[in-house]
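K.L.:
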Amino acid sequence: MDSDYVNLGAPAAAWNPASQNQQQATAPEHAGPCCVDGGQAEPTNSADVIQQPSFDRSAYVPSAPDASFEKQQPQEQASGKEEKGSVNNDKLAVPEGADPSVRDNDLFAIMRVGYGPLRLVHFGPFSRVYFVRHKKNPAHECMAKVEAHNEKKRTLGIEARVYLDCKGVCGFAELYDRFQTSDGSRVLVIQRLGTDLNRIRLSLPNQSLTQADALKLCLETFARIWSLHDRNWMHRDIKPSNFVVGLPQSKMDDQVFIIDFGLARQRQEKSRPTGACPILGTDAYRPISNYSRVEYQPKDDIESWFYMCHEFFN
1 MDSDYVNLGA PAAAWNPASQ NQQQATAPEH AGPCCVDGGQ AEPTNSADVI QQPSFDRSAY
61 VPSAPDASFE KQQPQEQASG KEEKGSVNND KLAVPEGADP SVRDNDLFAI MRVGYGPLRL
121 VHFGPFSRVY FVRHKKNPAH ECMAKVEAHN EKKRTLGIEA RVYLDCKGVC GFAELYDRFQ
181 TSDGSRVLVI QRLGTDLNRI RLSLPNQSLT QADALKLCLE TFARIWSLHD RNWMHRDIKP
241 SNFVVGLPQS KMDDQVFIID FGLARQRQEK SRPTGACPIL GTDAYRPISN YSRVEYQPKD
301 DIESWFYMCH EFFN
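This is the structure we're talking about:
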């Protein structure tokens, strides 16, 4: 078991969605600057209290945001080979309402701890993401991120630490639960969010934002990066697909969230020598210094953000 995950302590106690809803219901009408849990958060820095212009998300919602995943998923699953170390649950009955595309070992592990039914929405080389509902409150939707089985590169422990350090901060999803399956896969259950900025932009006519909305998104995303750096974390993979909006018709539908902290690291006072650092991130947004394998710094997140903003305006 990875030490990063062990340091988190025992798994969180059973999450009570009812108390979560009650807390949101009793929150004041003006609960402060876009607090994740719906209450008034104590600002720890200027980035938390800055009033960002609201993003008019309604004009940029794709007509069928999940259609591409649902169409591509059967082909992707059929062409892929079964991963080593996966659990064979062929003899177990699939619970009613579960999506047949869900991996059996993920399905039963998550259902046992009180979540379901499930719908697979993303399948990648390192993790899978499902939409889930808590059985005690089916109206409350969450996202379950499952780490790939027997994957040498373990990242969910780091993600959990980031979510805990940034709890209650504007633009960071709420962490509801974390646990480990019998075959060693780790699972994070977080607040359900909406579409990422890259898919929103590609769904628009000419695949371009208006200058006004591009500016608003640049300000929102910069505020998220600033808050992350203020807590001594660097993202190291800044790009449009790692920023998402809130769910449509919710209190946070005009808010931008930062996600996917698998490459995140805390800033170290003693840096490694040049040439000892791996090349990180995505080609189009990678900072120049990383090609020389120079130790990653917070300024490199800002450089990646600049490339992303250039894409928004062009």
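By the UniProt record's numbering, the letter at position 116 of the sequence shown is numbered 116, and the numbering carries on one by one without gaps. Cβ atoms here follow ideal geometry from the backbone N, Cα and C, with glycine treated the same way.
#1: Hey, residue 171 and residue 256: beta-carbon distance below 8 Å or not?
#2: Assuming residue 208 and residue 109 make a contact with CB atoms under 8 Å, what is their CB distance in whole Å?
#3: Can you tell me the Cα-Cα spacing of residue 246 and residue 192, whole angstroms?
#4: Consult DSSP for residue 316 and reduce its assignment to one of helix, strand or coil.
#5: Return the CA-CA distance between residue 291 and residue 276, expressed in angstroms with no decimal places.
#6: Excluding the 5 residues preceding and the 5 following residue 175 in the sequence, name in chain order all residues of the same chain whose CB lies nearer than 6 Å to its CB.
#7: Whose C-beta lies closer than 6 Å to the C-beta of residue 241 among residues of the same chain, with five residues either side of it excluded?
#8: Let me know if residue 287 comes out buried or exposed under the rule of 16 or more other beta-carbons within 10 Å of its beta-carbon.
#9: Name, in chain order, the residues that DSSP records as bridge partners for residue 188.
#10: Pick helix, strand or coil for residue 172, following the three-state DSSP scheme.
#11: Between the Cα of residue 303 and those of 225, 266, 293, spot the shortest distance and give me the residue it belongs to.
#12: Once DSSP output is grouped into helix, strand and coil, what is the label at residue 162?
#13: Alpha carbon to alpha carbon, how far is residue 145 from residue 180? Give it in angstroms, no decimals.
#14: How close, in whole Å, do the beta carbons of residue 143 and residue 129 come, if the pair is a contact with beta carbons under 8 Å?
#15: For residue 285, would you say it is in contact with chain B, using Cβ-to-Cβ distances shorter than 8 Å as the test?
#16: Nearest CA to the CA of residue 266: which residue from 166, 218, 212, 140?
#17: Note the first and the last residue of the continuous alpha helix (DSSP H) segment covering residue 304.
#18: Rank 137, 123, 305 by C-alpha distance to the C-alpha of residue 325 and give the top, closest one.
#19: Please tell me whether residue 238 and residue 301 are closer than 8 Å, where the distance is taken between their beta carbons.
#20: To the nearest angstrom, how far is the alpha carbon of residue 15 from that of residue 251?
#21: Kindly list the residues whose CB is nearer than 7 Å to the CB of residue 305, restricted to its own chain and excluding five residues on each side of it in sequence; keep chain order.
#22: Spatial neighbours of residue 280 within its chain, please: CB distance less than 8 Å, with the 5 preceding and 5 following residues excluded, ordered by chain position.
#23: With DSSP collapsed to three states, give me the class of residue 249.
#24: Taking the alpha-carbon positions, what's the residue 233 to residue 215 distance?
#25: Can you grab the Cα-Cα spacing for the pair residue 230 / residue 260, in whole Å?
#26: Count the other CB atoms, across all protein chains shown, that sit within 10 Å of the CB of residue 160; report buried if there are 16 or more and exposed otherwise.
#27: What's the call for residue 124, buried or exposed, on a 16-neighbour Cβ count within 10 Å?
#28: Leaving out the 5 sequence neighbours to the left and right, which residues in its chain are closer than 7 Å to residue 194 when beta-carbon positions are compared?
#29: Does the beta-carbon of residue 312 have 16 or more other beta-carbons within 10 angstroms, so that it is buried, or is it exposed?
#30: Are the CB atoms of residue 219 and residue 258 nearer to each other than 8 Å?
#31: Between 211, 299, 278, 298, which has its C-alpha nearest residue 310's C-alpha?
#32: Going by the DSSP bridge assignment, what does residue 258 pair with across the sheet?
P.N.:
The short version:
#1: yes
#2: That belief does not hold up - the Cβ atoms of residue 208 and residue 109 are roughly 42 Å apart, past 8 Å.
#3: 8 Å
#4: Given that the chain is displayed from residue 1 to residue 314, the structure contains no residue 316 and the question cannot be resolved.
#5: 11 Å
#6: 163, 190
#7: 196, 198
#8: buried
#9: 145, 178
#10: coil
#11: 225
#12: helix
#13: Residue 180 and residue 145 have their C-alpha atoms some 11 Å from each other.
#14: 6 Å
#15: Looking at the structure shown, chain B is missing, and only one protein chain is on hand.
#16: 166
#17: 298–313
#18: The chain is shown from 1 up to 314; residue 325 falls before or after that span and cannot be answered.
#19: yes
#20: No answer about residue 15 holds up, because its pLDDT of 42 lies below 50 and its placement is not dependable.
#21: 221, 222, 225, 238
#22: 236, 237, 263, 286, 290, 296
#23: The three-state reading of DSSP puts residue 249 in coil, since its state is none of H, G, I, E or B.
#24: 25 Å
#25: 18 Å
#26: buried
#27: Taking all protein chains shown into account, residue 124 has fewer than 16 neighbouring C-beta atoms within 10 Å of its C-beta and is therefore exposed.
#28: Apart from sequence neighbours up to five positions away, the residues of its chain that approach residue 194 with a beta-carbon distance below 7 Å are 244, 245, 246, 247, 248, ordered along the chain.
#29: buried
#30: no
#31: 211
#32: 243
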